[in-house]
Structures are given as C-alpha cells and as structure tokens.
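Heads up: the structure comes next, in structure tokens.
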Ligand SMILES: Nc1ncnc2c1ncn2[C@@H]1O[C@H](COP(=O)(O)OP(=O)(O)OP(=O)(O)O)[C@@H](O)[C@H]1O
Ligand SMILES: [Mg+2]
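Residue numbers (the numbering used here), protein chains in the order written: chain P, 11 to 252; chain F, -15 to 198.
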C-alpha cells in the first residue's frame, strides 16, 4: 500500500496552470527524487503534498488522508510530514534547541525536559550537539540545514519532503547535509527529494521522476533514467546538467 | 526660580494626569491596533474592510476633530454620556490604535513567508504560528516605530486641555495666567515634557537592546 497517492493533481496560480496532471504513488520507505528544469513545477508539486499550496484539482492522499478534502484537519496530517526548505527557514529568534522542541512541546504536548533530551539525540544524529544553545544566525548554511532536518524529525514524521536542500549551500557544506539524508534513507524514512544532486539521486534514490511543463515526463529507476532516458526532453535536460 | 518652585506642585499634579491618561490610552491603543491589524490580514474581506475604514477615517481627520466628535458629538446623543477624561482617553486610544494598526500590519508582513511555511509544515495552527513565530519577530522590528508613535500620542494628550482635562498643559495655562510669568512657566512645562519623552526613548532603547534582532 502506497503512503502517498497523487491522482490527477492540478495546480494553477491565477490563470497559469503550473501542474497539469500529476499522477504518482510513493511507497513506504521509498526515496523518490524529483528533477526537472527551473519553473517546471517541482517545488509546487512538493508543496502540494502537505498542502502548503492550495490544490486546484485532483486528489492527494497522504497516509490514508485525502488532503484535498477541506474538512480534514490539515495540521494533523502535517505533523506526519516533515519538510526541509532550500532557505532553511529556521526561527531566528529561537535557539537551535528551541527550534527543535517547539513542535513537540506546543503540538504534541510533550514536556520540556523530554522534548529537550529527544532534541539532543537528534542533534547528535546530525552532528551538532555542541550547537544546541546557539542561535541560527551563528550557524553556517550547512549547519542550519542540518538543524532544519532535526527540527522536522522531532515530530517523528512518516514522510520527509526536501526542496533542494543543498542548493543554497557552499559546495563544501553539501556533503554533510547529504550524509544526514543518506542516513535517514538507510533507516527507512519515506523521502521525496527535489534535487539537482544527481549523485545523490543515483546513490540513494529508489526512483526518479523527471518533470517538465507541469507533467511527469518520465519516471524510472535512477540508473535507467540517467543511463537510458526515453524522452527527448529528458535527454536534453540531462545533457545540460550532467 | 521662586515662581517655578511655587508652580511646580501644580504642574506635577498635571503631569500625573497626563501620564495616567497616556498609559491607559496607549495600552488600549495597542490592543486596538493589534485587533485592527489582525482584521486587516484576516482572510475575510468584510473584516479587511472594517479595519481599512477605521484606519483611513482616523488617519484622514485631525486629532482635534476626533476629540470634539467624541466629547461633544457622541456626548450629545441621549444614550451616551462620559466625562472629559474618558473622552480624552478614548480619543488618544483610538487615534494611536489606527497608527499602531498600520505599524503592526507592516511588521507582520515584513516577516519572511518562509517562517510561516516552516511553522505550518511542522503542524502549528495559524494562530500558533502568529503567536510563537511571527509576532515575536515582528515586534522586535516594530519597536522603534512603536516608540515613535507613543511619543506622538503623548504629545497629543496636551490637546486634551482644550476640553478641560487638568493635564500638564492645562496646569501650565492656569499657572501662567495666575503668575503672569508665561515665559518661565511654559519653559518649565516644556522641560517636563522633554524629560518624560526622553525617558520613554531610553526605555525603548533598553527594550531594543534587550530583544536584539538576531
Ligand atoms: N505563488 C506563486 N504565484 C504565482 N506563480 C507561481 C507561484 N509559485 C510558483 N509560481 C510559478 O509556478 C511555476 C513553477 O514554479 P516552481 O517553483 O514549482 O518551479 P520549480 O520546478 O521548483 O523551479 P526551480 O527549479 O527554479 O525551483 C513557475 O513558473 C513559477 O513562476
Ligand atoms: Mg523549486
């Protein structure tokens, strides 16, 4: 049984139809990578999976809940779906520890000391235990992104969404973040990753989808899609970036 | 010097009234501003309009006209009656509220959208997001403009002497005509206002440093 089902997903901004007809199923523990040219709707697709964008048409079923149903408690569903942004979006007025414990304390009503010890475990996991009491402004980009991952994990999500998590990083920071993501994948996290890191997609991805013009043009195992692309547009895109 | 010393107790009595009115009005004004800002940003058209009309009406009319409307105008209605102090407090509060509303709205809108998205993606409700993520950051940014508006409102209270409130300005007038020493009395009144406003900005500086932007 797939943990995410996307059926005939459509998304328009005003008159501009950004997602035209997206159909995809994501299995539990699968790592799905999403690639495609700028403006093809990758971020929009990802943001529809936790309804950060209002969905214009079709159905998105996450962990059994149809989130296009306006009666659903979307906050409940979002607790199960962690998201990591290109620009980190840490809360600058809170320490690293407070960033991570905010959700557990305010939403899950976990008491502070339990939330903090769990946060310290997560910080250890992303290699930033010593930064617990720093503010985001005092961290490098790579450190911020690892804190952002820890913050998302603190809610014990079933699914993690990543929107170009390494695109805003200096090259020497990229590896640290990718390592954390690889570790997550190994532990069996279901992940949807919009990325330009073809190395990561090849190594960690179970499946890659290539998006262009609001459609999924091609979807396949990474070695197939990169090694033997079927569509002209995929070939053209890959020849540009590889 | 003797003239000033003799007048000082009366002036300080007036100062008490000024501060009393200012404090109540600024707190009420802040609450009004907060409510109006949230109405303005709410995803419901009618609420947006209510807030806009309120803010535009206040910003588009002189303070004195607002004061006269509330004290003389509203008071002339058979089912309304309040004393001059109440009218004064209401006017200053409403006037400050309109300006605060714009300051707060701009402050909230100045916070990056990514903050809301990150908070909502964790599962916080929109109210929790406002309370724990947006407002704390927005207030730090707003502090200088809030101080500024508070100082303006404090100065506005001196106009309340016109409807007979015994504030610092009113006491100044009484003392000036009683002593025939207009120069000394008004100089003293000015110095007192200056000191109070100076203290206000010191307080604001302290708060700004306390909640330094990170
Ligand atoms: N809030 C919005 N309002 C209007 N148009 C938008 C909005 N968000 C995205 N778009 C448009 O939708 C299209 C797809 O955007 P999206 O961000 O999903 O692309 P992307 O594939 O993630 O691109 P990139 O690789 O540059 O991140 C773009 O043409 C963009 O201009
Ligand atoms: Mg994008």
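A virtual CB, placed ideally from N, CA and C, is assigned to each residue, including glycine. All values reported here derive from a predicted model rather than from experimental measurement.
Sheet register partners of residue i (DSSP bridge)
i, result
"residue 92 (chain P)", "P:170"
"residue 222 (chain P)", "P:225"
"residue 58 (chain P)", "Paired residues: none, contrary to the question."
"residue 35 (chain P)", "P:15"
"residue 43 (chain P)", "P:203, P:218"
"residue 71 (chain P)", "P:15, P:76"
"residue 99 (chain P)", "Beta-bridge pairing links residue 99 (chain P) to no other residue."
"residue 230 (chain P)", "P:218"
Residue i CB to nearest heavy atom of ligand 2 below 7 Å
i, result
"residue 204 (chain P)", "yes"
"residue 12 (chain P)", "no"
"residue 52 (chain P)", "yes"
"residue 222 (chain P)", "no"
"residue 174 (chain P)", "yes"
Near ligand 4: residue i beta-carbon under 7 Å from a heavy atom
i, result
"residue 66 (chain P)", "The model on display carries ligand 1 and ligand 2 but not ligand 4."
The beta strand (DSSP E) enclosing residue i, as first and last residue numbers
i, result
"residue 182 (chain P)", "Careful: residue 182 (chain P) lies outside any beta strand (DSSP E), inside the alpha helix (DSSP H) at 181 to 196."
"residue 163 (chain F)", "From DSSP, residue 163 (chain F) is part of no beta strand (DSSP E) but of the alpha helix (DSSP H) over 152 to 163."
Delimiting residues of the alpha helix (DSSP H) encompassing residue i
i, result
"residue 40 (chain F)", "29 to 43"
"residue 72 (chain F)", "68 to 93"
"residue 24 (chain P)", "That residue, residue 24 (chain P), is in no alpha helix (DSSP H); it is neither H nor E in DSSP."
"residue 5 (chain F)", "-14 to 25"
"residue 124 (chain P)", "122 to 135"
"residue 170 (chain F)", "166 to 194"
"residue 101 (chain F)", "97 to 106"
"residue 127 (chain F)", "119 to 140"
"residue 251 (chain P)", "242 to 251"
"residue 47 (chain F)", "47 to 52"
"residue 109 (chain P)", "106 to 116"
"residue 163 (chain P)", "151 to 163"
heavy atom of ligand 1 below 7 Å from residue i C-beta
i, result
"residue 136 (chain P)", "no"
"residue 98 (chain F)", "no"
"residue 26 (chain P)", "yes"
"residue 46 (chain P)", "yes"
"residue 74 (chain P)", "no"
"residue 23 (chain P)", "yes"
"residue 156 (chain F)", "no"
"residue 44 (chain F)", "no"
"residue 49 (chain P)", "yes"
Cβ distance (whole Å) where residue i is taken to contact residue j below 8 Å
i, j, result
"residue 217 (chain P)", "residue 231 (chain P)", "6 Å"
"residue 200 (chain P)", "residue 13 (chain P)", "5 Å"
"residue 224 (chain P)", "residue 28 (chain P)", "6 Å"
"residue 55 (chain P)", "residue 208 (chain P)", "Not a contact, Cβ separation roughly 19 Å."
"residue 229 (chain P)", "residue 212 (chain P)", "Going by Cβ atoms, the distance from residue 229 (chain P) to residue 212 (chain P) rounds to 15 Å, so no, they are not a contact pair."
"residue 72 (chain F)", "residue 3 (chain F)", "Not confirmed; about 13 Å, so no contact."
"residue 59 (chain P)", "residue 171 (chain P)", "6 Å"
"residue 87 (chain P)", "residue 162 (chain P)", "That belief does not hold up - the Cβ atoms of residue 87 (chain P) and residue 162 (chain P) are roughly 14 Å apart, past 8 Å."
"residue 98 (chain F)", "residue 109 (chain P)", "Not really, about 13 Å apart at Cβ, beyond 8 Å."
"residue 89 (chain F)", "residue 24 (chain F)", "5 Å"
"residue 121 (chain F)", "residue 95 (chain F)", "5 Å"
"residue 167 (chain P)", "residue 70 (chain P)", "Contact doesn't hold; Cβ gap of about 16 Å is too wide."
"residue 175 (chain P)", "residue 96 (chain P)", "7 Å"
"residue 5 (chain F)", "residue 144 (chain F)", "7 Å"
"residue 155 (chain P)", "residue 179 (chain P)", "7 Å"
"residue 76 (chain F)", "residue 137 (chain F)", "6 Å"
Within-8 Å CB hit, residue i to chain A
i, result
"residue 132 (chain F)", "No chain A appears in this structure, whose protein chains are P and F."
Q: Below 7 Å between beta carbons is the criterion; list the residues of the region 97 to 119 of chain P that meet it against any residue of chain F, in chain order.
A: Cβ contacts with chain F: 97, 99, 101, 102, 103, 112, 113, 116, 117.
Q) At a Cβ cut of 7 Å, what residues of the region 91 to 116 of chain F count as close to chain P, listed as they run along the chain? A) Residues 98, 99, 101, 102, 104, 105, 106, 107, 108, 109, 112, 116.
Q) Just by C-beta distance, which residues in the region 116 to 128 of chain F are closer than 8 Å to chain P? A) The residues in question are 116, 117, 120, 121, 124.
Q. Listed from N- to C-terminal order along the chain, which residues in the region 193 to 216 of chain P have their beta-carbon within a distance smaller than 8 Å of any beta-carbon of chain F?
A. Within the region 193 to 216 of chain P, no residue qualifies.
(Q) Closer than 9 Å between beta carbons: that is the criterion. Which residues of the region 76 to 91 of chain P meet it against chain F? (A) Cβ contacts with chain F: 84, 85, 86, 87, 88, 89, 90, 91.
Q: Check each residue of the region 53 to 65 of chain P: if its Cβ is closer than 7 Å to any Cβ of chain F, include it; give the result in chain order.
A: Sequence-ordered contacts of the region 53 to 65 of chain P with chain F read 60, 62 [C-beta pairs closer than 7 Å].
(Q) Closer than 8 Å between beta carbons: that is the criterion. Which residues of the region 22 to 44 of chain P meet it against chain F? (A) Within the region 22 to 44 of chain P, no residue has its Cβ closer than 8 Å to any Cβ of chain F.
Q) Taking Cβ-Cβ distances below 9 Å as the criterion, which residues of the region 116 to 149 of chain P are in contact with chain F? A) Contact residues of the region 116 to 149 of chain P toward chain F are 116, 117, 118, 145, 146, 147, 148 (C-beta to C-beta distance below 9 Å).
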